[in-house]
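Residue 351 in full-length UniProt numbering sits at position 351 of the sequence shown; the count goes up by one each step and never skips.
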Amino acid sequence: MSVTEGDCQGDTKAKLPGEVWVLIVANAVIALGYGVVAPVLPAYARHFGVSISAATFVITAFALMRLCFAPATGILIQRLGERRIYVWGLLIVAVTTGACAFAQTYWQLLLFRSLGGIGSTMFFVSALGLMIRVSPEDARGRVAGMFSSAFLVGSVGGPVLGSLTAGLGLSAPFVIYGAALLVAAAVVFISLRHSSLAAPAPDEGPKVTVRAALRNRAYRAALLSNLATGWSAFGLRIALVPLFIVDVLHRGPGMAGVALATFAVGNVSAVIPSGYLSDRVGRRVLLIVGLTAAGISTVMVGFTDGLTIFLVSAYVAGFSTGIFTAPQQAAVADIIGNKARGGTAVATFQMMADVGSVGGSLLVGLIAQYLSFSWAFVISGAILLVAAVGWIVAPETRGRPSAEHTPARALGPEAGGEVP
1 MSVTEGDCQG
11 DTKAKLPGEV
21 WVLIVANAVI
31 ALGYGVVAPV
41 LPAYARHFGV
51 SISAATFVIT
61 AFALMRLCFA
71 PATGILIQRL
81 GERRIYVWGL
91 LIVAVTTGAC
101 AFAQTYWQLL
111 LFRSLGGIGS
121 TMFFVSALGL
131 MIRVSPEDAR
141 GRVAGMFSSA
151 FLVGSVGGPV
161 LGSLTAGLGL
171 SAPFVIYGAA
181 LLVAAAVVFI
191 SLRHSSLAAP
201 APDEGPKVTV
211 RAALRNRAYR
221 AALLSNLATG
231 WSAFGLRIAL
241 VPLFIVDVLH
251 RGPGMAGVAL
261 ATFAVGNVSA
271 VIPSGYLSDR
281 VGRRVLLIVG
291 LTAAGISTVM
301 VGFTDGLTIF
311 LVSAYVAGFS
321 TGIFTAPQQA
331 AVADIIGNKA
341 RGGTAVATFQ
351 MMADVGSVGG
361 SLLVGLIAQY
371 LSFSWAFVIS
381 GAILLVAAVG
391 WIVAPETRGR
401 PSAEHTPARA
411 LGPEAGGEVP
């Protein structure tokens, strides 16, 4: 889509509503707390005397519950609104995470963590819906970039903070995370309680169902690209990159953390600029460029044989992912809009990332085991390239801004990024 003078409206950035900043700060706090818990969770499970596979299943169970409960979350949001489900989700994760600290058996830990997965999908999907509702129409990409970067920064800083609490015992991070979530829930509830922007759409207002959204080629392309994001950003990187570092590059486990941080730094470097740019030139071109670059760089990572070239390729792959993350979220916001109830459509979009994450983490391991590590990266890169083709045949979603000022409207986050 070409950019005209009327499209740009100068270089002045729209002032963002306070509700946007509340959600961004809450997202950073949530990610920071998760980053504190994630590194100690397998070891905490192991201290109950279970096997390695049983310990890692605690993580898988959390992801599976997120995936399974996503459709129900969409229905709840459709009926009760994003704001209420967001706070409820935070409270569920806060209580279940705190309960993990006092678990007496492995099965109690598994139960509490699984219930936490339900709360996680509740607040993450509703957070996306809230961002769609409160963001200015001409700043959807910018807010999506800020929202995603807040999660990424929290995810990187969390393990650092967790290392400072290591001396307090394995259960301490769960107490810290639970308390942080309670504070975040209280702040969001108080700040958005009387917000007209965050109020749910009227019951008699329009609804965007999954069936209606699927008629839009851009929405179908967004589902495919979010599946590819979940596969590559979570399934491939989290499950296989640490093993690639140890088994192929013959480096210690500590270097795996450096590799994942390199991906994250590359992502943060691009996500805010690309979000701002997508508000000026449109979503589609950045999605095509980002997905294509991410696919090629992911393939390159699988053929590296030295640490330096691996880290360079990892940074490029992370940067490429950052190019399309915010435009993808903004495109979904464009499609759904802020005047309709679109809980099920938003939940389906997020569920695709969870499908990619869970399926990718399982399949890339099998591919690496029975074929090779290189083939796992090649296939993952190919999935990203297929997603790029999906956007080549999809229409642009960003409409031309009106000449008059438009009050605060819509947007959506990632995941980044996901919440893990």
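Just so it is clear, CB atoms sit at the ideal spot from N, CA and C, and this is done for glycine as well.
Remember, it's a predicted structure, so these values are computed and weren't measured experimentally.
(request) Rounded to whole angstroms, what's the CA-CA distance from Phe-310 to Ala-264? Just pull it up for me. (result) Their Cα atoms are separated by approximately 14 Å.
(request) Would you kindly work out how many angstroms separate the C-alpha atoms of Gly-167 and Leu-109, rounded to a whole number? (result) When rounded, the distance between both Cα atoms is 21 Å.
(request) Measure the C-alpha to C-alpha separation of Val-188 and Leu-170 and round it to an integer number of angstroms. (result) Computed Cα separation, rounded: 29 Å.
(request) Quick one: measure Cβ to Cβ for Val-125 and Ala-347, integer angstroms, because I've assumed they're closer than 8 Å. (result) Indeed they touch by this definition, with Cβ atoms about 5 Å apart.
(message) Output needed for Tyr-219: all residues of its chain with C-beta closer than 6 Å, excluding positions within five of it in sequence on either side, in chain order.
(response) If the five residues before and after Tyr-219 are omitted, its C-beta is found closer than 6 Å to the C-beta atoms of Ala-213, Ile-335, all from its own chain and listed in chain order.
(request) Sort Ala-28, Arg-251, Arg-217, Val-246 by Cα distance to Ala-387 and report the nearest one. (result) Put simply, of Ala-28, Arg-251, Arg-217, Val-246 the residue whose alpha carbon is nearest the alpha carbon of Ala-387 is Arg-217.
(request) Can you grab the Cα-Cα spacing for the pair Leu-128 / Gly-74, in whole Å? (result) Rounded to whole angstroms, Leu-128 to Gly-74 spans 11 Å at the Cα level.
(message) Once the 5 residues before and after Asp-103 are set aside, which same chain residues still bring their CB inside 7 Å of it?
(response) Note that residue 103 corresponds to Ala in the displayed sequence, not to Asp. These residues qualify, in order along the chain: Leu-109, Phe-112.
(request) Given a cut-off of 8 Å, decide if Asp-279 and Leu-67 are closer than it, judged by their beta-carbon atoms. (result) No, they are not a contact pair.
(request) Using a threshold of 8 Å, state whether the C-beta atoms of Arg-84 and Leu-192 are closer than that. (result) Contact flag unset, no.
(request) If I'm right that Ile-288 touches Trp-391 with Cβ under 8 Å, what's the distance once you round it to whole angstroms? (result) Cβ-Cβ separation between Ile-288 and Trp-391: approximately 5 Å, consistent with a contact (criterion under 8 Å).
(message) Let me check you understand the geometry: is the CB of Ser-374 closer than 7 Å to at least one non-hydrogen atom of the ligand GDP?
(response) For the ligand GDP, the structure offers nothing, since it holds no ligand at all.
(request) Could you tell me the distance, in whole angstroms, from the CA atom of Phe-349 to the CA atom of Leu-363? (result) If you take the alpha carbons of Phe-349 and Leu-363, they lie about 21 Å apart.
(message) Rounding to the nearest angstrom, what Cα-Cα distance links Leu-32 and Ala-150 in this structure?
(response) Leu-32 and Ala-150: Cα-Cα distance of roughly 9 Å.
(request) Have a look at Ala-72, Val-156, Ala-101 and flag the residue whose alpha-carbon is nearest the alpha-carbon of Ala-172. (result) Among Ala-72, Val-156, Ala-101, the Cα nearest to that of Ala-172 belongs to Ala-101.
(request) State yes or no: is the C-beta of Trp-231 within less than 8 Å of the C-beta of Gly-365? (result) No, Cβ-Cβ distance for Trp-231 and Gly-365 is not below 8 Å.
(request) Report yes if the CB atom of Ala-317 is closer than 8 Å to the CB atom of Thr-298, and no otherwise. (result) In this structure, the beta-carbon distance from Ala-317 to Thr-298 falls below 8 Å.
(message) Whole angstroms are fine: how far does the CA of Ser-274 sit from the CA of Met-122?
(response) Looking at the two C-alpha atoms, the distance is approximately 27 Å.
(message) Whole angstroms are fine: how far does the CA of Gly-141 sit from the CA of Asp-11?
(response) Because the pLDDT at Asp-11 is just 46, under 50, the model does not fix this residue reliably, and the value given afterwards should be weighed accordingly. Computed Cα separation, rounded: 15 Å.
(message) So, with DSSP's three-state summary, where would you put Val-386?
(response) In the structure shown, Val-386 sits in a helix (DSSP, three-state: H, G or I).
(request) Give the single residue among Val-248, Gln-328, Gly-98 whose Cα lies nearest to the Cα of Val-175. (result) Closest by alpha carbon: Gly-98.
(message) Just to confirm, is the Cβ distance from Val-376 to Leu-286 under 8 Å?
(response) What sits at residue 376 in the sequence shown is Ala, not Val. No, the pair does not count as a contact, with Cβ atoms beyond the cut-off.
(message) Are the CB atoms of Ser-135 and Leu-236 within a distance shorter than 8 Å?
(response) No, these two residues do not count as a Cβ contact at 8 Å.
(request) Look at the alpha carbon of Arg-211 and the alpha carbon of Gly-343, and state the distance between them as a whole number of angstroms. (result) Taking the straight line from one Cα to the other gives about 12 Å.
(message) With H, G and I counted as helix, E and B as strand and the rest as coil, what does DSSP make of Gly-169?
(response) Reduced to three states, the DSSP call for Gly-169 is coil.
(request) Look at the Cβ atom of Ala-28, then the Cβ atom of Val-153, and state whether they are nearer than 8 Å. (result) Result yes, Cβ atoms of Ala-28 and Val-153 sit closer than 8 Å.
(request) Select from Ser-357, Gly-399, Ala-261 the residue whose C-alpha is nearest the C-alpha of Ala-333. (result) Residue Gly-399 holds the alpha-carbon nearest to the alpha-carbon of Ala-333 among Ser-357, Gly-399, Ala-261.
(message) Quick check on DSSP: helix, strand or coil for Arg-66?
(response) Arg-66 falls in the helix class under three-state DSSP.
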